[in-house]
Amino acid sequence: MTQDELKAAVADAAIKEIEPWLEKDTVLGIGTGSTANLFIDRLGRLGDRFQGAVASSDASASRLKAQGIDVLELNSVGTLPFYIDGADEVNAHLHMIKGGGAALTREKIVAACAERFICIADGSKSVARLGEFPLPIEVIPMARSYVARELVKLGAEPVYREGVVTDNGNQIIDCYEFMIDDPEAMEARLNNIVGVVTNGLFAARGADILLLGTPKGVERTA
Ligand code: 5RP
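Position one of the sequence shown corresponds to residue 27 (this note's numbering), numbered consecutively onward.
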């Protein structure tokens, strides 16, 4: 199976996971990226079964609207029953690296408001130790060089993702050569660097359910 076929399989599995829970007033949290896009494309046929969705990016909001799904402001809704999103890496504790698509801040905010985070990922994203994928950090533009120097002190090789401006008007630094032994501790430590808006470690609030696409089928971990 190709990587795209594995992504499609987990998107299908996520639809099956949420479908029994949908009610007229349900608002879903929706992530960003190619796997989330496949999920959005499948969600359209269920559009009359729930109220709408909160999107983690402008791109996902546009895609949801194209499917006829109402996009709501997070401030106008309460707790979301589900947040469905992909990941760049996920470990056995369902800690993740996210932000390859530069949407990490809104992803982390919407995920924080969700009762259950369903991570949908093809098998290549499953790792024993996080960090092979360069860890994204969203920074306030004027703090970029300062934050980069602090990241070097932590052992990372920071690289400015040139030409990328986040939906929040900020910039992204990617941390290379930065293997992470204790994701929760590192997430908190990175949050403490002045000028960091969000780091791409999703450990304090990891996933609750992982749907992982493998050639043998979709593996479910909860
Ligand atoms: C975007 C993300 C995505 O979830 C992550 O990059 C995975 O993307 P894809 O589903 O395209 O592999 O965090 O900021």
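From the three backbone atoms N, C-alpha and C, an ideal C-beta is built for every residue, glycine too.
Following a CB-centred definition, is E133 positioned closer than 8 Å to any heavy atom of the ligand 5RP? yes
Beta carbon of L237: closer than 8 Å to some heavy atom of the ligand 5RP? no
To the nearest angstrom, report how far apart N194 and T131 are at their CA atoms. 8 Å
Can you give the beta carbon distance from T52 to A128, rounded, assuming they're within the 8 Å contact cut? Going by Cβ atoms, the distance from T52 to A128 rounds to 28 Å, so no, they are not a contact pair.
Quick check: what's the CA-CA separation for A35 versus S152? 16 Å
Endpoints, beta strand (DSSP E) assigned at L236: I235 to T240
Environment of L109 [buried if 16+ CB atoms lie within 10 Å]: The sequence given here has Tyr at residue 109, not Leu. It counts as buried.
Suppose contacts are defined by Cβ-Cβ distances below 9 Å. Is E183 in contact with E164 by that definition? no
Let me check you understand the geometry: is the CB of S60 closer than 8 Å to at least one non-hydrogen atom of the ligand 5RP? yes
Where I66 sits in the DSSP three-state scheme: helix
Return the CA-CA distance between E49 and I219, expressed in angstroms with no decimal places. 42 Å
Is it buried or exposed, R155, if we count other Cβ atoms within 10 angstroms and call 16 or more buried? exposed
Collapsed DSSP secondary structure at L130 in the structure displayed: helix
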